[in-house]
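What follows is one structure encoded as C-alpha cells, with my remarks underneath.
Protein chains: 2
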Amino acid sequence: MIVDDDEAISSELKELLQNNGYEVILPQDFNNILEKILKISPDLLLLDINLPFVNGELLLQNLRKTSNIPVIMVTSKNNETDEALSISYGADDYITKPYNPNILLLRIGAVLKRSSINYNNNTTITYKELKFDTQKGSIKRDNTEIILTKNEMIIFSYLVTHQKRIVTRDELMTALWDNTEYVNDNTLTVNISRLRNKLKEVGYIDVLATRKGQGYILL
Amino acid sequence: MIVDDDEAISSELKELLQNNGYEVILPQDFNNILEKILKISPDLLLLDINLPFVNGELLLQNLRKTSNIPVIMVTSKNNETDEALSISYGADDYITKPYNPNILLLRIGAVLKRSSINYNNNTTITYKELKFDTQKGSIKRDNTEIILTKNEMIIFSYLVTHQKRIVTRDELMTALWDNTEYVNDNTLTVNISRLRNKLKEVGYIDVLATRKGQGYILL
DNA sequence: ATTTAACCTTACAGTTTTGTAACAAAAAAG
DNA sequence: CTTTTTTGTTACAAAACTGTAAGGTTAAAT
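Order-wise, the sequence lines are chains A and B.
Under our numbering, the residue at position 114 of the first sequence is numbered 114, and the numbers go up by one with no gaps.
Under our numbering, the residue at position 93 of the second sequence is numbered 312, and the numbers go up by one with no gaps.
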C-alpha cells in the first residue's frame with residue numbers, strides 16, 4: 001500500500017512494483033487514512049512523510065500503537081532529522097526521493113523478508129549444529145531429529161535465548177510453572193536430567209552445565 | 220563488534236558506542252576474521268566493505284551461510300551498487316561514512332530491536348482479544364488462560380498466520396504430520412473439534428469456520 | 001426430495017508426559 | 001576429613017494427549 005499525495009510518484013511506484021510482482025493498493029483519499037490502513041492491513045506500507053493535512057510521522061506513531069505492519073518511509077527531502085525521527089517512531093526503513101528503483105525494490109524485499117520471519121513465526125533457532133524448531137518442538141541435527149516435550153521445550157528455549165549466561169533455578173521454575181510454590185523443587189532437576197538425555201541423543205554431552213549454587217548454563 | 224581497518228574511525232566508533240552503553244569488541248587483525256566473528260558471535264556486527272585483503276561483501280556472503288548475526292555495513296563511498304549488493308547479501312542495514320552519530324545509534328538500536336524480537340523469540344501473537352504465547356502454548360484472554368496441546372498449537376499457529384485465508388485440510392495435515400499417508404483423515408477433524416472447544420472456553424465461538432469442500436478459515 | 005459426500009461428536013484405549021519419592025552422587029561448608 | 005547442602009538418577013503412578021472407530025449432522029449435488 002502506497003500512501004503518497006504526489007500522484008506522479010505514486011503511479012510510477014505502482015507500476016514499478018506491479019511489474020515486479022507486487023499487488024499495489026492506492027487509497028482514494030487521505031480521510032481517515034489510519035483506519036483505512038488498519039482495515040486493509042497491507043503486507044507493507046510505503047508512507048510519504050509530507051502528506052497534505054496529515055503528518056506522516058504522527059501517522060506512523062499512531063499506527064505503531066496497535067500495529068506492526070512493516071513501514072518504509074519515503075520523503076523528498078534528504079533530511080537526517082526526519083530519518084532519525086522515523087526510525088525512532090518505528091519505521092522499518094527509510095528512502096529518499098529521487099530513489100533508485102533497484103535499491104527501492106531491494107529494500108522492500110529485505111523488509112518483507114524480515115517481517116515474514118516474524119509473521120510466519122518461522123522460529124527455527126540455531127544452536128551450534130542444532131536446529132530448534134519451536135513450532136514442532138523438535139531439534140534436528142543433520143538427519144536425526146528428536147522431539148521435545150513441552151517442559152523440555154520451555155527449558156531449552158529459555159537456555160538458548162539466554163546463552164552464555166547463568167540461568168538460575170528460580171528463573172526456570174518461573175518459566176515452567178505459573179505458581180511455583182506447590183511444585184516439588186526436585187521436579188526441575190528431573191526435567192533438566194531428561195533434557196540432557198535428549199541432547200545426548202543428538203551428540204551434545206555436557207553442554208547443559210551445572211553451576212552449583214548458581215544455576216545452569218548452556219555452553 | 221567492529222570490523223574496520225581504519226583505526227581512527229574504529230576507535231572513534233568504539234568510544235561513541237561505549238559512551239552509549241554498548242560493549243565493543245575490535246579484532247586485533249583480520250586473519251581468519253570469519254572464524255573470529257563466528258566464535259565471538261557478537262550481538263551486532265559493524266562491517267566495513269573495504270578491508271585490506273578481505274572483500275567485505277564476500278565476507279558477509281560467507282557469514283550468512285551459517286549465521287544470522289545482525290550486520291550493518293559501513294562504507295566510505297556513497298555507492299549505490301555497494302548498497303544494493305550488501306542488502307541482497309543479507310545486511311540488515313547500511314550506513315555511509317561520514318556518518319551522523321545520532322543516526323548511527325538509532326540504526327543500531329533499530330537493528331538490535333528487530334533482531335532481539337527474533338532472538339528472544341518473543342512470540343506472543345495477538346488474535347482479537349487473545350494473546351497466544353507460542354512458547355508456553357497458552358492462550359490468554361484477560362485473566363483466563365487455556366493450555367493448548369501440541370496438535371492444537373500447530374493448527375492454531377497455522378490458522379493465525381494465514382488469517383483471512385481459507386486453509387485446506389491438506390495444508391493442516393502437512394503441518395501436523397510428516398507423513399500424512401497413514402493418518403486417518405478423521406483425526407484432523409477431531410483435532411479441529413478439540414481446538415474449537417478450547418476456543419469456546421475463552422469466549423470465541425464460531426471463529427474457526429468450516430468452508431465445506433475447501434477447508435477452514437479463522438475469521 | 002433424495003442421495004451422497006464432507007464434516008462433526010463422543011467414547012475409548014494405547015501411548016506419552018509429568019510430578020513425586022527414595023536413594024545416590026558431588027560439591028561446598030565446617 | 002566429616003558433615004551438610006545441592007544436585008542427579010531411577011522407578012512408578014497419575015494425568016494428559018492422541019488416534020481410531022462408530023454413529024450423527026450438515027450442506028451440496030442430483
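Virtual Cβ for every residue (Gly too), placed ideally from N, Cα, C.
Given the structure is predicted, the values throughout are model-derived calculations rather than measurements.
What does residue i reach in chain B if we use C-beta pairs closer than 7 Å?
i, result
"A110(A)", "I306"
"R114(A)", "R333"
"K150(A)", "G356"
Would you mind stating whether residue i and residue j have Cβ atoms separated by less than 7 Å?
i, j, result
"V426(B)", "L438(B)", "yes"
"P289(B)", "S260(B)", "no"
"M292(B)", "I268(B)", "yes"
"L130(A)", "L44(A)", "no"
"I2(A)", "L16(A)", "no"
"N281(B)", "L253(B)", "yes"
"T75(A)", "T96(A)", "yes"
"V379(B)", "Y346(B)", "yes"
"N405(B)", "N370(B)", "no"
"T387(B)", "G434(B)", "yes"
Among the options, which has the Cα closest to the Cα of residue i?
i, options, result
"K198(A)", "I155(A), E12(A), M173(A) and Q61(A)", "I155(A)"
"L47(A)", "L17(A), Q28(A), D5(A) and L176(A)", "D5(A)"
"A310(B)", "P101(A), P52(A) and G109(A)", "G109(A)"
"R211(A)", "P101(A), A175(A) and I166(A)", "I166(A)"
"D142(A)", "L148(A), F132(A) and T149(A)", "F132(A)"
"E276(B)", "Y308(B), Q247(B) and F249(B)", "Y308(B)"
"G432(B)", "N403(B), D389(B) and W396(B)", "D389(B)"
"N19(A)", "T168(A), K140(A) and N102(A)", "N102(A)"
"A227(B)", "N403(B), L245(B) and R415(B)", "L245(B)"
"N274(B)", "Y318(B), D397(B), N251(B) and N287(B)", "N251(B)"
"S229(B)", "S286(B), Y318(B) and K284(B)", "Y318(B)"
"R153(A)", "T134(A), F30(A) and L188(A)", "Correcting the residue identity first, residue 153(A) is Met in this sequence and not Arg. Ranking the options by Cα distance to M153(A), first place goes to T134(A)."
"M392(B)", "T408(B), Q382(B) and H381(B)", "T408(B)"
"I365(B)", "G240(B), Y423(B), H381(B) and I436(B)", "Y423(B)"
"R283(B)", "R413(B), T363(B), I436(B) and I306(B)", "I306(B)"
"A394(B)", "Y377(B), R413(B), P271(B) and V243(B)", "Y377(B)"
"F30(A)", "I217(A), E23(A), F53(A) and G21(A)", "F53(A)"
"H381(B)", "S286(B), I436(B), Y241(B) and V243(B)", "I436(B)"
"D178(A)", "L323(B), K258(B), Y241(B) and K359(B)", "K359(B)"
"T144(A)", "K200(A), S67(A) and Q28(A)", "K200(A)"
"L367(B)", "L414(B), N403(B) and T399(B)", "L414(B)"
"K258(B)", "D312(B), Y241(B), N403(B) and S286(B)", "S286(B)"
Is residue i close to chain B? Criterion is C-beta to C-beta, closer than 7 Å.
i, result
"L106(A)", "yes"
Per DSSP, which residues does residue i bridge with? Please list them.
i, result
"E145(A)", "K140(A)"
"A428(B)", "I436(B)"
"T408(B)", "Bridge partners of T408(B): none, in fact."
"M73(A)", "L47(A) and Y94(A)"
"T126(A)", "K131(A)"
"V167(A)", "Y216(A)"
"M3(A)", "A small fix is needed here, since residue 3(A) is Val in this sequence, not Met. According to DSSP, which records beta bridges pairwise, V3(A) is partnered with L47(A)."
"N274(B)", "N269(B)"
What residues of chain B sit near residue i, judged by a beta carbon separation below 9 Å?
i, result
"I72(A)", "Neighbours of I72(A) on chain B: none; closest Cβ ~13 Å, over 9 Å."
What residues of chain B sit near residue i, judged by a beta carbon separation below 8 Å?
i, result
"I154(A)", "Q354 and K355"
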